[in-house]
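Participant: Mind having a look at this structure? Questions to follow.
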Amino acid sequence: MVQAEAVIDLDAIRANTAYLAERAAAHSAATMAVVKADGYGHGALPSARAALAGGATWLGVSTVAEALELRSAGIDAPMLSWLNAPGTAFTPAITAGVDLGVPSMRVLDEVIAAAKAADRTARVHLKIDTGLGRSGATPADWPDLVTAAAKATAEGTVEVIGVWSHFACADTPGHPSIAAQLAAFSEALAVAERHGVKPQVRHLANSPATLTLPQAYYDLVRPGVSVYGLSPIPDCAAAEALRPAMTLRGRVLVAKRVPAGHGVSYGHTYHTSAPTTLAVVPLGYADGIPRHASSVAPLLLGGARRTIAGRVCMDQFVVDVGDDPVADGDEAILFGPGDHGEPTADEWAEAAGTINYEIVTRIGARVPRTYVGAGA
Ligand SMILES: *Cc1c(COP(=O)(O)O)cnc(C)c1O
Numbered sequence: 024m025v026q027a028e029a030v031i032d033l034d035a036i037r038a039n040t041a042y043l044a045e046r047a048a049a050h051s052a053a054t055m056a057v058v059k060a061d062g063y064g065h066g067a068l069p070s071a072r073a074a075l076a077g078g079a080t081w082l083g084v085s086t087v088a089e090a091l092e093l094r095s096a097g098i099d100a101p102m103l104s105w106l107n108a109p110g111t112a113f114t115p116a117i118t119a120g121v122d123l124g125v126p127s128m129r130v131l132d133e134v135i136a137a138a139k140a141a142d143r144t145a146r147v148h149l150k151i152d153t154g155l156g157r158s159g160a161t162p163a164d165w166p167d168l169v170t171a172a173a174k175a176t177a178e179g180t181v182e183v184i185g186v187w188s189h190f191a192c193a194d195t196p197g198h199p200s201i202a203a204q205l206a207a208f209s210e211a212l213a214v215a216e217r218h219g220v221k222p223q224v225r226h227l228a229n230s231p232a233t234l235t236l237p238q239a240y241y242d243l244v245r246p247g248v249s250v251y252g253l254s255p256i257p258d259c260a261a262a263e264a265l266r267p268a269m270t271l272r273g274r275v276l277v278a279k280r281v282p283a284g285h286g287v288s289y290g291h292t293y294h295t296s297a298p299t300t301l302a303v304v305p306l307g308y309a310d311g312i313p314r315h316a317s318s319v320a321p322l323l324l325g326g327a328r329r330t331i332a333g334r335v336c337m338d339q340f341v342v343d344v345g346d347d348p349v350a351d352g353d354e355a356i357l358f359g360p361g362d363h364g365e366p367t368a369d370e371w372a373e374a375a376g377t378i379n380y381e382i383v384t385r386i387g388a389r390v391p392r393t394y395v396g397a398g399a
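Numbering-wise (the working numbering), the sequence shown opens with residue 24 and increments by one.
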């Protein structure tokens with residue numbers, strides 16, 4: 024092992040995707056694996072390959088740049104990019120056969136102009152805001168957007184591949200907004216149809232909906248965090264089959280004896296209560312270890328669970344291991360699937376006051392990803 028690494032289990036990504044895709048297929052829906060943000064920190068390209076091997080037939084990313092990186096690496100699966108600022112160069116995406124999310128008239132106009140420049144038909148997915156209050160056309164603006172898209176379709180500049188939306192509270196099963204969004208989506212589809220827009224795929228379900236809400240599957244589900252084996256919902260029975268794909272570990276830089284009453288790390292927020300061994304682990308907030316994990320987050324070191332002692336620094340943190348025989352170079356496992364007694368990303372999220380999504384996604388570029396499993 025190098026001094027610190029994130030080990031990514033591609034078999035887990037493949038198996039998680041297969042599990043999700045089977046749930047979707049049972050309701051005649053296909054699966055789009057979401058690999059934005061470098062595959063939630065797992066590496067977009069290896070994650071995409073593993074997800075496709077597991078039965079996903081679509082990939083989802085935020086930006087055109089993310090999509091083009093996958094295309095350059097030879098990924099030719101249908102791919103949707105949905106988060107692009109005004110002024111984005113859409114022509115390379117259209118040329119590369121990347122589908123584009125269209126949340127507004129402004130983006131539609133830019134995509135039409137880019138399609139004309141490329142002398143190609145742009146593949147678009149029109150987005151309705153069914154209640155999240157983020158991007159997407161409001162129900163008030165929707166008739167204009169679908170009318171303009173129908174006109175562009177007739178002119179040959181765009182093809183409406185999809186109509187889609189995104190949930191606000193699908194991670195809280197039974198939340199009243201879920202039914203409201205389902206109803207708003209159904210209404211938006213009816214409006215689109217009345218204006219002559221006939222999408223090939225209608226899609227709405229993120230991971231929580233893929234795990235709990237078959238009536239939201241429509242033609243395509245868009246799971247992200249669950250592909251990587253993390254549950255978006257605490258104590259979710261359907262998520263028990265998932266396996267976390269990332270293990271984060273580091274080697275002890277130095278382990279040394281210090282006397283009682285020794286201050287530890289910046290600000291001396293921790294003091295040793297007895298003569299003890301301090302072990303320094305080379306991962307810090309520059310690597311995505313939350314500073315909020317200071318003095319609270321767990322790890323496995325020297326065969327036992329410990330808690331970080333004092334402040335997390337930019338590049339390192341300290342652990343008080345008492346009289347246990349921890350030595351320079353020993354392995355510290357911060358989180359993983361839990362097989363060896365190591366904490367999980369869920370426990371880190373709990374300790375640091377955040378969500379498992381953020382724990383894995385923020386692991387920094389300095390931490391090498393090591394791939395294991397078929398396809399590694
Ligand atoms: C990130 C994202 C998803 C996946 O969400 P998860 O909760 O990780 O499953 C799906 N759709 C859109 C539009 C997203 O931005």
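All C-beta atoms, glycine included, are put in the ideal place defined by N, C-alpha and C.
So G333 packs on T300, CB below 8 angstroms; how close in whole Å?
Facilitator: What you label residue 333 is simply residue 310 of the sequence shown in a count that begins at 1. What you label residue 300 is simply residue 277 of the sequence shown in a count that begins at 1. That belief does not hold up - the Cβ atoms of G333 and T300 are roughly 15 angstroms apart, past 8 angstroms.
Participant: Applying the criterion that 16 or more other CB atoms from any shown protein chain within 10 Å of the CB defines a buried residue, is S296 buried or exposed?
Facilitator: Against the sequence shown, residue 296 aligns to sequence position 273. Exposed, since its Cβ has fewer than 16 Cβ neighbours within 10 Å.
Participant: Closer than 7 angstroms to a non-hydrogen atom of ligand 1 - does that hold for the CB of W371?
Facilitator: Along the sequence shown, read from residue 1 onward, the residue named residue 371 stands at position 348. No, ligand 1 has no heavy atom inside 7 angstroms of this Cβ.
Participant: Just reading off the alpha helix (DSSP H) that D164 is part of, what are its end residues?
Facilitator: For the purposes of this step, residue 164 is identified with residue 141 of the sequence shown, where counting begins at 1. Careful: D164 lies outside any alpha helix (DSSP H) and carries neither H nor E.
Participant: Does at least one heavy atom of ligand 1 sit under 7 angstroms from the Cβ of S249?
Facilitator: For the purposes of this step, residue 249 is taken as the residue at position 226 of the sequence shown. Flag set: Cβ of S249 near ligand 1.
Participant: What residue ranges within the region 29 to 83 form continuous beta strand (DSSP E) runs of no fewer than 3 residues, ordered along the chain?
Facilitator: 53 to 57
Participant: Return yes when at least one heavy atom of ligand 1 lies under 7 angstroms from the C-beta of N229, else no.
Facilitator: Here residue 229 is taken as the residue at index 206 of the sequence shown, counted from 1. Yes, the beta carbon of N229 sits closer than 7 angstroms to at least one heavy atom of ligand 1.
Participant: Return yes when the C-beta of P246 is under 7 angstroms from any heavy atom of ligand 1, and no when it is not.
Facilitator: Taking the first residue of the sequence shown as position 1, residue 246 is located at position 223. Yes, ligand 1 has a heavy atom inside 7 angstroms of this Cβ.
Participant: Below 7 angstroms, is the gap between the Cβ of H189 and the nearest heavy atom of ligand 1?
Facilitator: Counting from 1 along the sequence shown, the entry for residue 189 is found at position 166. Yes, Cβ of H189 sits closer than 7 angstroms to a heavy atom of ligand 1.
Participant: Which word fits A260, buried or exposed, when buried means at least 16 other C-beta atoms lie within 10 angstroms of its C-beta?
Facilitator: The residue given as residue 260 occupies position 237 in the sequence shown. Burial call: exposed.
Participant: Does the region 236 to 251 come into contact with the region 262 to 273, if we say contact requires no fewer than three beta-carbon pairs (one atom in each stretch) closer than 8 angstroms?
Facilitator: yes
Participant: Do A239 and L205 have their CB atoms nearer than 8 angstroms?
Facilitator: The residue you call residue 239 lines up with position 216 of the sequence shown. The residue you call residue 205 lines up with position 182 of the sequence shown. For A239 and L205, yes; Cβs fall inside 8 angstroms.
Participant: Verify the contact flag: P255, CB atom, against every heavy atom of ligand 1, threshold strictly below 7 angstroms.
Facilitator: Translated into positions along the sequence shown, residue 255 becomes position 232. P255: yes, Cβ under 7 angstroms from ligand 1.
Participant: From V244 to G290, what distance separates their C-alpha atoms?
Facilitator: Looking up residue 244 in the sequence shown gives position 221. Looking up residue 290 in the sequence shown gives position 267. Approximately 48 angstroms between the Cα atoms of the pair.
Participant: For the candidate residues A140, A232 and S188, whose alpha-carbon lies nearest to that of A47?
Facilitator: For the purposes of this step, residue 47 is taken as residue 24 along the sequence shown, with counting starting at 1. Closest by alpha carbon: A232.
Participant: Count the other C-beta atoms from every protein chain shown that fall within 10 angstroms of the C-beta of R157, then say buried if there are 16 or more, exposed otherwise.
Facilitator: The count along the sequence shown starts at 1 and reaches residue 157 at position 134. With fewer than 16 Cβ atoms within 10 Å of its Cβ, R157 is classed as exposed.
Participant: Given I256, which residues of its chain have a CB within under 6 angstroms of its CB, disregarding the five upstream and five downstream residues?
Facilitator: Along the sequence shown, one-based indexing puts residue 256 at 233. Cβ neighbours of I256 beyond the five flanking positions: D194 and P231.
Participant: Are there 16 or more other CB atoms within 10 angstroms of the CB of P321, so buried, or fewer, so exposed?
Facilitator: Within the sequence shown, numbered from 1, the residue matching residue 321 stands at position 298. By the neighbour-count rule (16 or more Cβ atoms within 10 Å), P321 is buried.
Participant: With burial defined as no fewer than 16 other Cβ atoms inside 10 Å of the residue's Cβ, what is the status of K279: buried or exposed?
Facilitator: Here the question's residue 279 lines up with position 256 in the sequence shown. It counts as exposed.
Participant: Our contact map puts G64 next to T367 with C-beta atoms below 8 angstroms; I'd like the distance itself, whole angstroms only.
Facilitator: Start at 1 with the first residue of the sequence shown, and residue 64 comes out as number 41. Start at 1 with the first residue of the sequence shown, and residue 367 comes out as number 344. With a Cβ gap of about 15 angstroms, G64 and T367 do not count as contacting.
Participant: Determine the direct distance from the alpha carbon of H189 to that of R129, and round the result to whole angstroms.
Facilitator: In the sequence shown, residue 129 corresponds to position 106, counting from 1. In the sequence shown, residue 189 corresponds to position 166, counting from 1. When rounded, the distance between both Cα atoms is 20 angstroms.
Participant: With a 10 Å radius around its C-beta and 16 neighbouring C-beta atoms as the bar for buried, classify H148 as buried or exposed.
Facilitator: Within the sequence shown, the letter at position 125 stands for residue 148. Its Cβ being crowded by 16 or more others within 10 Å, H148 is buried.
Participant: What are the residues that DSSP puts in a beta bridge with L323?
Facilitator: Along the sequence shown, read from residue 1 onward, the residue named residue 323 stands at position 300. In DSSP, L323 forms a bridge with R328 and I356.
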